[in-house]
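K.L.:
Have a look at this one.
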């Protein structure tokens, strides 16, 4: 697997070297580094994707996750909040923001508020079940 990943990385970097605006190559590189746990490299490629096209809520949410993994909590929170503000229907940003608030910042009440916002906006969202589960899981944490 590792040698295939290395080949893929080199191939995708070659694509970007040939065409710096190859958004799919940049996104794929970001995703490979995300999966490998290399947050610094993932951030480089996700930032490049967003420079090319800022209207990418999935990429922006992954960027926020990489900031969190890199212990840049304020950047992570700002990035998740930006996705929620720009793309209120993008549920993963609500889930991630709530998890960040709960686990990294110790703010269970605000985390619950964020998950509830997702349910209020779209109770049938594919991540509504996850939001309900997190609300149930944290109900006793408020005391």
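Residue numbers (the working numbering): 1 to 143.
The beta carbon of each residue, even a glycine, is placed where N, CA and C say it ideally should be.
All of these numbers come straight from a predicted model, not from anything done at the bench.
Report the residue from 116, 53, 12 and 42 whose alpha carbon sits nearest the alpha carbon of residue 99.
P.N.:
Ranking the options by Cα distance to residue 99, first place goes to 116.
K.L.:
So is residue 78 buried or exposed if we call it buried at 16+ other beta carbons inside 10 Å?
P.N.:
With fewer than 16 other Cβ atoms within 10 Å, it is exposed.
K.L.:
Could you check the C-alpha separation between residue 7 and residue 32 for me, to the nearest Å?
P.N.:
Rounded to the nearest angstrom, the two C-alpha atoms are 12 Å apart.
K.L.:
CB-CB under 7 Å to residue 82, same chain, minus the five flanking residues each way: which ones, in chain order?
P.N.:
Counting only Cβ-Cβ distances below 7 Å, and skipping sequence neighbours, we find 60.
K.L.:
If we call anything under 9 Å between Cβ atoms a contact, is residue 63 one with residue 108?
P.N.:
It is not a contact, given that the beta carbons lie outside the stated cut-off.
K.L.:
Just verifying my parser: in three-state terms, what is the DSSP assignment at residue 103?
P.N.:
Note: residue 103 maps to helix in three-state DSSP.
K.L.:
Of all the options 52, 75 and 80, which has the alpha carbon lying nearest to the alpha carbon of residue 58?
P.N.:
Of the candidates 52, 75 and 80, the one whose C-alpha sits nearest the C-alpha of residue 58 is 80.
K.L.:
In angstroms with no decimal places, state the Cα-to-Cα distance between residue 94 and residue 27.
P.N.:
The straight-line gap from Cα to Cα measures roughly 22 Å.
K.L.:
Count the other CB atoms, across all protein chains shown, that sit within 10 Å of the CB of residue 5; report buried if there are 16 or more and exposed otherwise.
P.N.:
Answer is exposed; the Cβ neighbour count stays below 16.
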